[in-house]
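Heads up: the structure comes next, in structure tokens.
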Amino acid sequence: MVRNPVLINRTLFLLSLLGFAMAIYVLQSFLRQSSIVCLTNGCEIVRKSPYSYPFGIPVPAFGLVGYFFLALLAFLRTTSKKQWIKKAMLGISIFGICFVTWFTYMELFVIKGICTWCAISAVNMYIIFILILKSYKNA
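Here full-length UniProt numbering is used: the first residue of the sequence shown is 1, the next is one more, and so on.
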């Protein structure tokens, strides 16, 4: 596992940008009601499910906002050592893993379809969370 705090932060920034890019791609398909390139038909099953719109908001919009703020905060950490930045990143990542855990449960047991993009995003969010915890440990 990564031990260097600068390398951890750069990795957090890149993973956040990756998540942001994935969220843009999936969100545009939600907004256009168009098919998503996917390894299975699970993405379409999930996209068309009413559970993909909690509070009337497409699921990828939550990812877009979360990943944007994680990337922004990771960037800010390169120039500032303020503790609120680290705490905000931890808070966002905790919300993120709660959200992806809930949504993965919904995919598996309610929607009965697995979206490849959602699964990749869930793994990405868990890695981000672990790296943020690691950065706390190294501080």
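Even for Gly, the Cβ is constructed at its ideal location relative to N, Cα and C.
On a predicted model such as this, the values are computed, not experimentally measured, just so you know.
For the structure I just gave you, are there three or more beta carbon pairs, one from the stretch 120-131 and one from the stretch 93-108, closer than 8 Å? yes
If you measure between the beta carbons of Y51 and M106, is that distance less than 7 Å? Counting from one through the sequence shown, the residue named residue 51 turns up at place 51. Counting from one through the sequence shown, the residue named residue 106 turns up at place 106. Yes, they are a contact pair.
Look at the alpha carbon of I111 and the alpha carbon of I8, and state the distance between them as a whole number of angstroms. To locate residue 111, count along the sequence shown from 1; it is residue 111. To locate residue 8, count along the sequence shown from 1; it is residue 8. Distance between the alpha carbons of I111 and I8: 35 Å.
So what does DSSP say about K134, is it helix, strand or coil? Reading the sequence shown from its first residue, position 134 is the one you call residue 134. K134: helix per DSSP, three-state reduction.
Contact check, L27 vs A61 under 8 Å by CB: the rounded distance? Taking the first residue of the sequence shown as position 1, residue 27 is located at position 27. Taking the first residue of the sequence shown as position 1, residue 61 is located at position 61. Sure, about 6 Å apart at Cβ, within 8 Å.
Sub-7 Å separation of F109 and F68 beta-carbons: Looking up residue 109 in the sequence shown gives position 109. Looking up residue 68 in the sequence shown gives position 68. No, these two residues do not count as a Cβ contact at 7 Å.
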